[in-house]
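This report concerns only the one structure given below.
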Amino acid sequence: MSELKFSSESLAVIEKMMARYPEGKHKSALIPVLHLAQAEFDGWLSPEAMNAVAAALKLQPVEVYEVASFYTMFNLKPVGKCLIEVCRTSSCWLRGANEIVEHIEKKLNIKDGETTADGMFTLKTVECLGSCGTAPMMMIGAQFHENLSYEKVDAILATCKTENKRKTYFDNVNIDQY
Amino acid sequence: MGRKLLLANDHIPGIQGYDVYRQNGGYKSVEKAIKTMSPETVVEEVKKSGLRGRGGAGFPTGMKWSFLAKPEGVARYLVCNADESEPGTFKDRYLMSRIPHILVEGMITSGFALGATAGYIYIRGEYFYIVSILEKAIEEAYANGFLGKNILGSGFNYDLYVHVGAGAYICGEETALLESLEGKRGNPRIKPPFPAIAGLYGCPTVVNNVETIAAVVPIVNDGGDAYASVGIGKSAGTKLISASGHINKPGVYEIEMGITVEDFIYSDEYCGGIINGRKLKAVVAGGSSVPILPADKILNLANGEKRLMSYESLADGGFASGTMLGSGGFIVMDETASVVENLHTFARFYHHESCGQCSPCREGTGWMEKIIHKILDGHGNMEDIDLLWEIQSKIEGNTICPLGDAAAWPVASAIRHFRSEFEEYVKNPSSHKKVRHYESVNQLQSA
Ligand SMILES: Cc1cc2nc3c(=O)[nH]c(=O)nc-3n(C[C@H](O)[C@H](O)[C@H](O)COP(=O)(O)O)c2cc1C
Ligand code: SF4
Ligand code: FES
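Following this line, the structure appears as structure tokens:
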């Protein structure tokens, strides 16, 4: 197991995150710091990444694992550079989420939960993302893509491919709707 | 046009920034409260306003505030619930991204009323982009002397932070939220003790929804009585409704409580009617957890009067013929929608989101999802419908937190009002489009 280390930039951010909570309550920073680790270490939380979090927050590694495994947004397996999260709950389903999922599956030749061979895309169906009024929708990194059509999906995936960049929840986004 | 108290200024260009917000009357409630009122009188005004919690349960806010314990020398916290994960609900997202300063202002004025040492806004991880919007607003409030030490020279010290979650509906339940904010798994706590006595870090804590906190701003500015005069009866004030599904104009609408459901669905001011001129079939009026109602029951009360958009009118008739205002997530289905397939999306949701602490919830949500899936897939029989009924009735009331009830009610109401549709799937399995075989456990999560 090789050791992973946060960049000095990230360590400074972690210091600031810990300062938001009272003396001795720095464990509160765990979820924000896990997000930071996921963004810094290739989009997923390997045991090494979680150990780095434990070290930075002076927690037992097990305290980190049990939290990371509880929350849907933490990937405990590698994912593609662009994690496509498609909402499939009621309001999105009513407006064609299943069809959008099928379209992406066909286009990328993967099923829900799988990653393309080139490591570019992972498809993940998720529950309501609070964008029900602009359904169907999907999220890539922090960006919401709303009022989807097949054409819109095609264009978004093409742009992702051209950019060839890992998308994270810390990305700056264009605010479309709200 | 109904009166608007929260979104009156949401279309003013630049309202996201401090200067424009301030020019339009922003932060007056902080000045008024701190300079001319005592914390107790602010609480009194909130009591008078009749404001009820907008997170779903509708508990009177002023009363909740008056329960806050105030032992000497112990920190007190105000926590804003911005977890907004109830399917069909997206009003808090709208409010926070369009007019972030109203939440910051509400958190300061409310924090003053409660004598809080610090405030935390717990926001769901999927709203990551809003974190920077809120942080910028908070920074501006500090720069202008509305946050930090000795606010407006009053001696009141108060800090405000944003805390991001990571995808878990259950963290919207207030005690699970506090666990999560402490850096733990989001398992709801057994109550009592209630957060008002032992909340964040064991200290007295108030947890309120985003919209509730924002409503404190007009209440302090114009007085509790003025707020109470808006709306109808015990449903005081305005309510943000998230409208989605088969309607012409989905979106967030601020309504004055008391307008008719019919007006809300069909008038051009709101939803603008059903898409393609189709017929209304059913509505889930308050987010996924509340009972689904068929068209005639959502539009009219049992006595033939028109149903209104208010806590009381939506609940009229109990679970036999009524529903709940809940979080205001208003999902509309037209005649082409399958109630059973919609229910499957809810059942899958609750199964995925159960924290697993209580066996009726953990096991029951899984069974319900499987049985509904089986029926949709054409392998169901009539006994499955009764079994489904049986399971939901065993969950309700037998769990630590209300997620169990929230999972049971949609199933119960779908069978109560649409039993023939379940039977149709059993009798004519091939006449229906087959449901996709989603993996019920997300492969990415099973490490
Ligand atoms: C499973 C579950 C999920 C909940 N989700 C939310 C939520 O996302 N936002 C919210 O404000 N309240 C939610 N609540 C209600 C909270 O527990 C709590 O009642 C509320 O935040 C109190 O604020 P209010 O009085 O201002 O409504 C949820 C409750 C349960 C049981
Ligand atoms: S009812 Fe469900 S979600 Fe709530 S504590 Fe029990 S298992 Fe967890
Ligand atoms: S149902 Fe898809 S975003 Fe809410």
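Residue numbers (my numbering), protein chains in the order written: chain G, 323 to 500; chain X, 22 to 468.
In this text, a Cβ means the ideal position worked out from N, Cα and C, and glycines have one as well.
For residue 382 of chain X, the shortest separation between its Cβ and any heavy atom of ligand 1 does not lie below 6 Å.
In the three-state reduction of the DSSP assignment, residue 184 of chain X falls in the strand class. About 4 Å separates the CB atoms of residue 207 of chain X and residue 192 of chain X; that is less than 8 Å, so the two are in contact.
Our two residues, residue 407 of chain G and residue 109 of chain X, have alpha carbons roughly 17 Å apart in a direct line. Rounded to the nearest whole angstrom, the CA to CA distance from residue 89 of chain X to residue 347 of chain G is 22 Å.
In the three-state reduction of the DSSP assignment, residue 245 of chain X falls in the helix class, which pools H, G and I. Secondary structure within the stretch 65-110 of chain X: the alpha helix (DSSP H) runs of 4 or more consecutive residues, fully enclosed, are 82-87 (chain order). With a threshold of 6 Å, the Cβ atom of residue 244 of chain X does not count as near ligand 2, since no heavy atom of the ligand is closer than that. Secondary structure note for residue 389 of chain G: its alpha helix (DSSP H) is the uninterrupted segment 383-390.
Taken from the Cβ of residue 80 of chain X, at least one heavy atom of ligand 1 lies inside 6 Å. For residue 275 of chain X, the enclosing beta strand (DSSP E) begins and ends at 272-277. Within the DSSP bridge table, the entry for residue 315 of chain X names X:303 as partners. Taking residue 149 of chain X as reference, the option from G:496, G:491, G:369 with the minimal CA-CA separation is G:491.
Using a cutoff of 6 Å, the CB of residue 411 of chain G counts as near ligand 3, since one of the ligand's heavy atoms is closer than that.
Taking 7 Å as the threshold, the shortest C-beta distance from residue 491 of chain G to chain X falls below it.
Collapsing the DSSP output to three states places residue 227 of chain X in a strand.
When X:383, X:375, X:239, X:250 are compared, the shortest CA-CA separation from residue 51 of chain X is found for X:239. Of all alpha-carbon atoms in G:453, G:493, G:377, G:418, the one lying nearest the alpha-carbon of residue 333 of chain G is that of G:377. Ranked by how close their Cα comes to the Cα of residue 428 of chain G, the residues G:352, G:335, G:476, G:364 have G:476 in first place. The alpha carbon of residue 370 of chain X has as its nearest neighbour, out of G:469, G:438, G:494, G:449, the alpha carbon of G:449. In the DSSP assignment, residue 465 of chain G falls within the unbroken beta strand (DSSP E) covering 465-467. Within 7 Å of the CB of residue 373 of chain X, the CB atoms of chain G belong to 449, in sequence order along the chain.
Placement of the Cβ of residue 413 of chain X at a distance of 6 Å or more from every heavy atom of ligand 2 is found. In the DSSP assignment, residue 411 of chain X falls outside any beta strand (DSSP E) and lies within the alpha helix (DSSP H) extending over 403-416. Taking the CA atoms as reference points, residue 384 of chain X sits about 45 Å from residue 63 of chain X. The beta carbon of residue 420 of chain X sits closer than 6 Å to at least one heavy atom of ligand 2.
7 Å or more divides the Cβ of residue 80 of chain X from the Cβ of residue 133 of chain X.
The contact set of residue 366 of chain X on chain G, defined by CB atoms closer than 8 Å, consists of 410, 411, 412, 415 in chain order. Under the three-state reduction of DSSP, residue 398 of chain G is assigned to coil, being neither helix nor strand. Rounded to the nearest angstrom, the Cβ distance from residue 444 of chain G to residue 405 of chain G is 5 Å, consistent with a contact under 8 Å. Against chain X, the beta carbon of residue 403 of chain G has no neighbour under 8 Å; the closest one sits roughly 15 Å away. Chain X places a beta carbon closer than 7 Å to that of residue 495 of chain G, counting this residue as a contact. Residue 273 of chain X is a Cβ neighbour of residue 115 of chain X, given a cutoff of 7 Å.
Annotated as proximal: residue 366 of chain X and residue 411 of chain G, with beta-carbon spacing under 7 Å.
Placement of the Cβ of residue 195 of chain X at a distance of less than 6 Å from at least one heavy atom of ligand 1 is found. Within the same chain, 234, 235, 237, 238 come within 6 Å of residue 127 of chain X by CB-CB distance, once the 5 residues on both sides are set aside.
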